[in-house]
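Undergrad: First the structure, then my questions, so here it is.
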């Protein structure tokens, strides 16, 4: 499903390293949450995705774990930003802003993508689902 969609967008997937079910289980266990099926399928098929300028449109599970841990556990962030427990970060725009999915009662929603602006701590619903976000990020149509 994802592979054909991504190839239609012109992405070269020969070097992709798929995530394992164990990778996803560890990620869910670490943050005590349930990932959406569409994100799980993407990671199982192709792992992470990079854009044309090196931005990491979707991180591999290990980077999701690292980055979410940093955002939640860096002591200095507590005095700079609102808590990050309501977002599960999945990628970045290459400019310091991160892309996340909303977390409600331990469930990560795959239907609303949010942009966290690092300069203002704004969390903007960009009105895209995961597929729409990937299409926009890869084709240059992501909202500024």
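Numbering (UniProt numbering), first residue to last: 1 to 144. For every residue, glycine included, the Cβ atom is placed at its ideal position computed from N, Cα and C. In this text, all values refer to a predicted model and were calculated from it rather than measured experimentally.
Assuming residue 18 and residue 37 form a contact by the criterion Cβ under 8 Å, report the distance between their Cβ atoms to the nearest whole angstrom.
TA: The sequence position of residue 18 within the chain shown is 18, counting from 1. The sequence position of residue 37 within the chain shown is 37, counting from 1. Wrong, their Cβ atoms sit about 16 Å apart, outside the cutoff.
Undergrad: Could you tell me which whole beta strand (DSSP E) segments of length 3 or greater appear in the region 53-95?
TA: 87-92
Undergrad: Using DSSP with H/G/I as helix, E/B as strand and the rest coil, what is residue 100?
TA: Taking the first residue of the chain shown as 1, we reach residue 100 at position 100. Looking at residue 100 - three-state DSSP - the assignment turns out to be strand.
Undergrad: So residue 132 is in the alpha helix (DSSP H); what residue range does that whole segment cover?
TA: Your numbering for residue 132 matches position 132 in the chain shown. That run of the alpha helix (DSSP H) goes 130-139.
Undergrad: Nearest-angstrom Cα distance between residue 33 and residue 71?
TA: Sequence index remark: in the chain shown, residue 33 carries index 33 (1-based). Sequence index remark: in the chain shown, residue 71 carries index 71 (1-based). Approximately 16 Å between the Cα atoms of the pair.
Undergrad: Under 7 Å: does the beta carbon of residue 12 sit that close to some heavy atom of the ligand MG?
TA: This structure lacks the ligand MG; in fact it carries no ligand of any kind.
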